[in-house]
Amino acid sequence: MTDVVRRTEAVPLYGDRYQTDPAGLYAEIRETHGPVAPVLLEGDIPAWFVCGYRELHQVTTDAALFARDTRRWNAWETVPDDWPLLPHLVHNPSVMFTEGPEHRRRAGALSDALESVDQFELANQCERIADQMIDRFAGAGEAELMGQYASRIPLSATAMMCGVPESEARILVDDVMGALNSSMANQMAVYGRMQEEMQRLVDRKRALPGVDVPSHLLADPANLGDEEILSDLLVVLLQAHQQTTNWIGNTIGLMLTDERLAVTLSGGRSSVGDALNEVLWHDTPTQNYLGRVATRDTRLGGQRIRAGDLLVLGLAAANADPQVKPEGTAGTAGNRAMMSFGHGEHGCPYPAPELAEIIAKTSVEVLIDRLPDLVLSEELEWRSSVWTRGLVRLPVTFTPTYVP
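So in UniProt numbering, the last one in the sequence shown is 404, and the numbering has no gaps at all.
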């Protein structure tokens, strides 16, 4: 397939249509092109969109053919210096871009460190953090739950998992929160401060180890260097923050707008797990993942893929593939086969999904326990980028509660 044909047939994976109805666009792409489709990323940069469940499983399973090191990409010369998707594709020293034995060494150490987290203690910490957040607005009778609640708990909890003292964690959360809707320059400045904070944290844990993720990484037999530990801690913090935040927000939004789940708000916690699972199937926070690069010419889903071509992993689209899951919500309860956390050796490292679920589930449960008469005060407004989907705002009203 020539570049001219690819650009002629390619579907823009950005713009108004994507912002308003990404799920509809995914279905249209699959119907028109099949499980692998030519698309254009922002700036009309060509790529392949893997939207079939089986094809996505194949790509994520075969890390030798569909590799993670994006320096192989054959279109770098067409990418401008200010391209907004650069942060997702520029190679960096984190575990996200490693391959082969090196990746297994790094990912294994990170998984072992995350597995050391006491999940019961994490749930207790999340409950305490959630209560503290609710105490701040419970008496007002109204709140904007994305900024005042959902976005603050994952970063606070993850910082504590990393052994950041609570006082420093609060400063870190406020710093990151203040940068989210500001300029790129300010966001980069915050990222630089986070790097400095993580370096100080690693230095402290080397001198005085504790029961936390960086201490386990320092002691791991993989013999990780400071740069490796620093970059992987930043990955954990940032990924846990944004994706778990949107998982919480999307779930609360679903429970406030879906009559099937409305009883949960007044009747208890019984359906929270189902709502969290349904969000992963139908409004998963990580919509797409950038990406994989073909290491040689091959065929996938009826398309000819050239060596160096970029593949976008359509996680949300694969979850909706009618070849593996019928339309609607039937079959999602208890079904954990969604692609929302990726798959294969480059998927979300175990047990990160379990830890994220503890944070999200506890956050939603505490909220509905404390404020059972929550009512949405505005229509939901979605923020849909090529890689994530979440709510811009989540304004609610409720009966004010006195906090002593």
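Even glycine gets a Cβ: it sits at the ideal position worked out from N, Cα and C.
The three-state secondary structure of V396, taken from DSSP, is strand. If you look at E102, you'll find it in the alpha helix (DSSP H) that goes G100 to E115. Measuring C-alpha to C-alpha distances from C162 to each of R152, M188 and V202 identifies V202 as the nearest. Of all alpha-carbon atoms in D174, L155 and L280, the one lying nearest the alpha-carbon of L238 is that of L155. Non-local beta-carbon contacts of L114 in its own chain, meaning distances under 7 Å to residues more than five positions away in sequence, involve V213, P349, P351, A352 and L355 in chain order.
Distance from the CA atom of V403 to the CA atom of F137, rounded to whole angstroms, is 9 Å.
Setting aside the 5 residues that flank it on each side, T362 is surrounded in the same chain by A123, C126, E127 and A130, each with a C-beta closer than 7 Å to its C-beta; the list follows chain order. For T295, the three-state secondary structure derived from DSSP is coil. The beta carbon of S111 is closer than 6 Å to those of P349 and Y350 in its chain, skipping five residues each way along the sequence.
By the Cβ criterion, the segment 41–54 is in contact with the segment 310–320, since at least three pairs of Cβ atoms, one from each stretch, lie closer than 8 Å. For a cut-off of 8 Å, the C-beta gap from E9 to P38 is around 5 Å, short enough to register as a contact. Burial check for R152: the Cβ neighbour count within 10 Å reaches 16 or more, so the residue is buried.
Among the bridge pairs identified by DSSP, E144 is matched with P395.
Residue burial is scored here from C-beta neighbours: E55 has at least 16 other C-beta atoms within 10 angstroms and is therefore classed as buried. Taking the C-beta atoms as reference points, V235 is found nearer than 7 Å to S94. Judged by DSSP in its simplified three-state form, P46 adopts strand. Counting along the chain, V59 sits inside the alpha helix (DSSP H) bounded by residues Y53 to T61. The criterion of a C-beta distance shorter than 7 Å is satisfied by A109 and L224. Within the same chain, and ignoring the five residues on either side of V79 in sequence, no residue has its Cβ closer than 6 Å to its Cβ.
Here DSSP, grouped into helix, strand and coil, assigns T286 to strand. Residue pairing by DSSP places L40 opposite P12 and P46 in a beta bridge. Scanning its chain for C-beta atoms nearer than 8 Å, with the 5 sequence neighbours on each side dropped, one finds around V386 the residues L13, Y14, Y18, L41, E42, L85, Q287, N288, L290 and V312, in chain order.
Here T251 is not near A219, since their CB atoms are 7 Å or more apart. For L122, the enclosing alpha helix (DSSP H) covers residues Q119 to F137. For G390, the three-state secondary structure derived from DSSP is strand.
Taking C-beta atoms under 8 Å as the contact rule, L376 and L256 qualify, at a distance of about 5 Å.
Counted as a single uninterrupted DSSP element, the alpha helix (DSSP H) harbouring E28 occupies residues P22 to H33.
For V213, the uninterrupted alpha helix (DSSP H) run begins and ends at V213 to A219, by DSSP.
Boundaries of the beta strand (DSSP E) around S384: E381 to S384. DSSP, read as helix, strand or coil, puts Q323 in coil. Secondary structure note for V364: its alpha helix (DSSP H) is the uninterrupted segment A352 to R370. When beta bridges are read from the DSSP output, A169 appears opposite no residue. Contact between the segment 367–375 and the segment 386–399 is present, with at least three C-beta pairs closer than 8 Å.
For the options T244, M188 and R104, the alpha carbon positioned closest to that of P221 is the one of R104. In the DSSP annotation of this structure, the continuous segment of the alpha helix (DSSP H) that includes V235 starts and ends at D226 to T257.
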